[in-house]
Amino acid sequence: MHRVQVLDARGVARALERMAAELVERVGDEKLLYLVGVQTRGVPIARRLAKLVAAATGHEPPVGALDIALYRDDVGPWRPAHQQPILRDTELPVTVDGKVVCLVDDVLYTGRTVRAALDTLMDYGRPHAIRLAVLVDRGHRELPIAADFVGRTVPTSHTEDVQVRLRESDGEEGVWIGKEVAE
Amino acid sequence: MSVKPAARLRGKDLVGIDPLSAEEIQLILETAEQMRDIAARPIKKVPALRGKTVVNLFMEASTRTRFSFEVAEKRLSADSLNFSATSSSVSKGETLVDTALNLEAMQPDFIVIRHVYAGAPHQLARILRSSVINAGDGAHEHPTQALLDALTIRLKRGSLEGQVVAIVGDLQHSRVVRSNILLLNRMGTTVRVAGPPSLIPLEMDKLGCQVYRRMEDAIAGADVVMMLRIQLERQGRMNFPTVREYYDFFALTPERLKLAKRDCLVMHPGPMNRGVEIDSRVADGPQSVILEQVTNGVAVRMAVLYLLAGGHGEPTAD
Amino acid sequence: MSRLLIKHGRVVDPSQRLDEGLNVLIVDGKVARIAERIEDKEADIFDATGLVIAPGFVDVHVHLREPGFEYKETIATGTAAAVAGGFTSVCCMPNTQPVNDNAAVTEFIRARAAEAGLAHVYPIGAVSKGLQGEELAEMGEMARAGAVAFSDDGKPVHNSYLMRRALEYAQLFDVPVVDHCEDPNLAAKGVMHEGAVATRLGLRGVPAVAEEVMAARDVVLAELTGGRVHIAHVSTRGALERVRDGKARGVAVTCEVTPHHLALTDQAVADSEYDTDTKVNPPLRSGDHVEALIQGVLDGTVDCLATDHAPHHADEKVLEYDLAPFGVVGLETAIPVTYDLLVRRRKLPLRLFIALWSSNPARLFRLPGGSLKVGSPADITVLDLDARATVNPDRFRSLSRNTPFAGQRLKGWPAATLVGGKVLWRRERK
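Chains as they are written, first to last, in the numbering used here: chain A, 1 to 183; chain B, 1001 to 1318; chain C, 2001 to 2430.
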C-alpha cells in the first residue's frame, strides 16, 4: 500500500469549521439539531462538530453514536464468505423523535452504510428530518444518497482506499489515499 | 487475566462449552451485551438474520428454553419453526437422524436441539450442513445456560475472574453444572460444587471444581450461589429419600445465604421448586438475579445465532 | 489322499515348544510330519516364506447371531469372518433366538456350521432356560449335542444360588461355566465406564465394582463347589485380582480379555464424540484398568484372548449413545490389534501370543486343535508379521461393520487360514 496525503490536520480543521457553519446556517431551529455519528470514526467527528456549533451559537447540540452492524446489507446469504461484523455501542442519550438528526460519517462512498444508518435510526423513533454530513465524499454512489454537508470531495478509483485518521482514535490526523501497488 | 475476544467462532455449531476457547466465550459474552440493548429499543427487532430459518427441534419438553430461543430468533428477524417430539413422526418410530435429515432437506440455517440423550447434538452436527445449537443434551451440556449465567455474573460484578461461584444440587443429573464448571474455569473463576453425596458423579473434581458434601462449606464466602433444580420424582428414591430432607440439608434458606458474601448473587436456572431447593424469601429477595438471568438468556441466544450466522470481519468503509 | 506341504515357514507351536524354520506335511487333513526338510513329490506346495505357521487360532467368545438375528450375522458369514481373521475355531454364545438352551438348537448350530464348511463351531449352551436366570437348562443333552461350555452371556448369572448349582452340575460333563460378570443393579443402566470421562460427557457410568463383585462371587463359589469357572471379557483391575487370588489358592478359575479392552480406553468415547462403535459391555475402561489388563496378559494371569465378536446392523448403531446396542465386531481385527499392541509394542514373546490364541483356549475348553503335534487336525493359522494394512470395514466378510478400529493402520496380519488341511482363506497379495 502506497499512500498520498490529500488533507492535512489544518485542512481537516478548516473543513470541519466550514461544515459547522453550514450546519448552523441551514438547520433552522438549532434546538432541534441532534448530531449522530456512525461508528466508528463518525463519532469523534460528530463530537467536534457539536463543539464547533456550540462555539458559533452558544448552544451545544446533543451527540449520539450509532452502530449499524445489525442493519448492513453486505452480510447474509447473498454474500458468499460472509462475516458478521463486531457490534459496537449505539448510544442515543436523547430521543430522536421530532429532531433534525444529522448523521455524521468520515467517508461517503457507495452509500450503503448511510442506507443502513437510516434504517437503524428509523427503528429508534421518528425524526423530523435526517441530514447527512461527511468529511470526505469519494464518489461511486451505488444508491440514490447524497450528503448535505461535505468537508472535501476527493475523486478516487475503485482500487484506491480513502483513509481518514483522527487524533482521537488513530494518533495522527489527516486524510490519505492509499493505492495497492502492483507487485 | 483479561481475555481478548476472538475474532469469530471457529466451528459452525455450538454443541457445548467444552470445545470453546476462553476467547470465543469472551466474544459471545461481549456480543450478548450489545444484544441486550435491542430489548430496550422501541422496535425490538433488527434485520440481522432476516431470511434465515431456525428449526427448534425440542425432543424433550421445555417451554422456557424454547420460548427464550424463539424470542431471540424473532428479535433478529429470523423465521422460527417449532418441532416437538410428541406431536411428530418421532412417535411413529422415526430415528433422530432421519428426523434431522428430513428437516435439513428443507434447508434450515440453524437447528436448535434439546434432547433427552447426551451426544445427540454431536451426531447431528456431524451429518448436517445446518448450524447445530445444543439447547441441552441429557446430563451432558447446556451451553447457552452457562453463557447466560456468566453474562449475568459479569454484568453484576464487572468480570468473572477471581469470583467464587458455588453450585448446589443434584450434580449427577445436571447439564447446567457441567457447562458452568467448564465455562467458569476457562474464565478464571473458582467453582465449588455441593450436593448429596449419592448425587455427586465420580471424579467430578476433574472437571475443574472443588467438591463438597455439605452445602455450608461450599457457599461460605462465595460471591455467587447457583441452586440447581432437584427432581426427585424423576430418579426414584434410591438416590435421596424425600423432599423434606432435601430442604433440611440442601435448600438455600436465608440463614444459609448469610454464610456467603454480603452481596452474594443468588441464581437459579429455573424453573424453581420453591420450598424445595430454594426458599421463596431468597428467590424473591434483593440478592436474587434469577429474572435477570432470563433476560440475559435471550441476549445470549441472540449473540450465538448472530455469531454462528457468519464469521467476523472489520466492517469495511463505504 | 490329499497332501499339502508347507515349506519355508517359521513354525511356532507352544504345545511342542517349537519355534524354528520347519516344513509341515499335511495328509488327509491331519498333520503328518514336521521336519527341517521334507520332500514330497505328490504334495501341493504352500510357500510360507517369511510367514509364521501356528496352530489354528481359537476364539472362545463369539456371537454368531443365528438362529434369530440373521440380519446382523449368520453362521456362514460369521465363520467366513473367522477364517478371514485367521481363526480356525470359534465358540458361539447362546443368546440367539430361540436361545441355545436345548440340544435341538445346539445341533442346528453345528449343522449350519458344517454346511458352511469354514471354521469349526463349538456351541456354548445356556446355563439357564431362556437365559432367564431361574432354572437350569439341559446341560447334559447339550453337552452330548456338542456344547463345550455353558454361559448366560450377555447377561450375568445373577442368582448366586443358581450359579452355585450350575458350577456343581457342570462338573458332570467336565465343562466350564463362563460368566459375564456384571451386577445389574450396580451397573445402573450405565452406558460407559463410570469415571471422569463419563462425568464430563454426561453419560451414565458402569462402575468397575459391578464386575469385581461378581468375579469375587464366582471365585468363591468355584472354590466351594470345585467347579470350573471362566470369567468372560475381564475388563477391570479388581476382577483380575480376584482371578489371581483364586488361582493362587488353587481354584479352577480362568479368564479371557478382549482386544478392544486392551487397545482402547474410555477416552475413545470422548475422542470419537459419542460414536456408538465405542459402546461395549463391559465398557472400555480407564487407563489404569487397561494397564492392569495388559500386565495380566504379560504375567500369565490372563489365560486367553477372545473377541466377544458382537455384530449389529448399521441401522441399530446409528442411534443416540444411550439407545444403541452394546457390542463391536472383532474377528477380523483381533490378530493385528493384539499383535501390534502386545508383541510389537509391549514385547510379549511371540510364542506366548500364539498360546493365548491357540493352545490355551483349546486346552481350557478341551477342544481339538491348539497344537501341531503329529496326528492333530491340520487347523493352521499362517501369520505375516511384517504385513501392514489399514482396517477397512467395507471389506469385512462379516455382515456387520461396527468396529472401533476403522482406519487404523496396523502391523501383523493373518496371511492364510487352513482348516483340515484346506486353505479356506488367503490374504490377497498386492
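Beta carbons: idealized from backbone N, C-alpha and C, even for Gly.
Endpoints, alpha helix (DSSP H) assigned at residue i
i	result
C:Pro2336	Ala2334 to Thr2338
B:Ile1181	Arg1175 to Arg1186
A:Thr113	Arg112 to Met122
C:Arg2200	Ala2196 to Leu2201
B:Leu1308	Ile1290 to Leu1308
A:Asp161	Not the alpha helix (DSSP H): A:Asp161 falls in the beta strand (DSSP E), residues Glu160 to Arg165.
C:Leu2352	Leu2350 to Trp2357
C:Gly1971	Because chain C is modelled from 2001 through 2430, residue 1971 of chain C falls outside the range shown and cannot be assessed.
DSSP beta-bridge partners of residue i
i	result
C:Cys2092	C:Val2062 and C:Pro2123
C:Thr2440	Summary: the structure shown does not reach residue 2440 of chain C, with chain C confined to residues 2001 through 2430, and so no result is reported for it.
B:Val1193	B:Ile1167 and B:Val1211
A:Val150	A:Val134
C:Cys2255	C:Ile2231
C:Thr2390	C:Arg2409
C:Ser2371	DSSP, once it has assigned bridges, lists no residue as partnering C:Ser2371.
A:Glu60	Answer is none; A:Glu60 lacks a bridge partner.
C:Lys2007	C:Asp2047
C:Phe2087	C:Phe2057
C:Val2178	C:Ser2151 and C:His2230
A:Val96	The partner list for A:Val96 (beta bridge, DSSP) is empty, contrary to what the question assumes.
Span of the beta strand (DSSP E) around residue i
i	result
C:Asn2023	Leu2018 to Val2027
C:Lys2030	Lys2030 to Ala2035
C:Ile2053	Val2052 to Pro2055
A:His2	His2 to Leu7
A:Val107	Val100 to Leu108
A:Tyr34	Leu33 to Val38
B:Leu1265	Leu1265 to Met1267
C-beta atoms of residue i and residue j nearer than 9 Å
i	j	result
C:His2230	C:His2261	no
C:Gly2421	C:Gly2029	yes
B:Ile1153	B:Met1267	yes
C:His2309	C:Gly2287	no
B:Val1165	B:Arg1129	no
C:Phe2150	C:Gly2125	yes
C:Ala2416	C:Arg2427	yes
C:Val2382	C:Pro2404	no
C:Asn2257	C:Leu2284	It should be pointed out that residue 2257 of chain C corresponds to Val in this sequence rather than to Asn. Contact: no.
A:Leu103	A:Gly174	no
B:Phe1240	B:Asp1170	yes
B:Glu1277	B:Leu1228	yes
C:Thr2236	C:Glu2273	no
A:Arg184	A:Val96	Any question about residue 184 of chain A goes unanswered here, given that chain A covers just 1 to 183.
A:Asp73	A:Ala133	no
Exposure of residue i, with buried meaning 16 or more beta-carbon neighbours within 10 Å
i	result
C:Tyr2161	exposed
A:His2	exposed
B:Ala1006	buried
C:Asn2095	buried
A:Pro127	buried
B:Thr1144	buried
C:Lys2317	buried
B:Gln1163	buried
C:Ala2145	buried
B:Phe1249	exposed
A:Pro80	Bear in mind that the predicted position of A:Pro80 carries a pLDDT of just 43, short of 50, making it too unreliable to give a figure here.
A:Ile177	buried
B:Asn1296	buried
A:Pro77	Caution is warranted here: a pLDDT of 48 is assigned to A:Pro77, below 50, making its placement in the model unreliable, and the coordinate value is therefore given only provisionally. Exposed, by the Cβ-count rule.
A:Ala129	exposed
B:Glu1255	exposed
A:Arg26	exposed
A:Gln163	buried
B:Thr1316	Since pLDDT at B:Thr1316 reaches only 38, below the 50 mark, its modelled position is unreliable, and the value read off the structure follows with that caveat. B:Thr1316 should be labelled exposed.
A:Asp89	exposed
Test: residue i CB closer than 9 Å to a CB of chain D
i	result
B:Met1106	In summary, chain D is missing from the structure at hand, where the protein chains are A, B and C.
Worksheet item: Quick one: complete beta strand (DSSP E) runs, 3+ long, within the region 1006-1091 of chain B?
Response: Entirely contained in the region 1006-1091 of chain B, the beta strand (DSSP E) runs reaching 3 residues are, in chain order, 1053-1058 and 1079-1084.
Worksheet item: Could you give the uninterrupted runs of the beta strand (DSSP E) lying entirely in the region 1085-1148 of chain B, keeping only those of 3 residues or more?
Response: Fully enclosed beta strand (DSSP E) runs of 3 or longer: 1110-1115 and 1131-1137.
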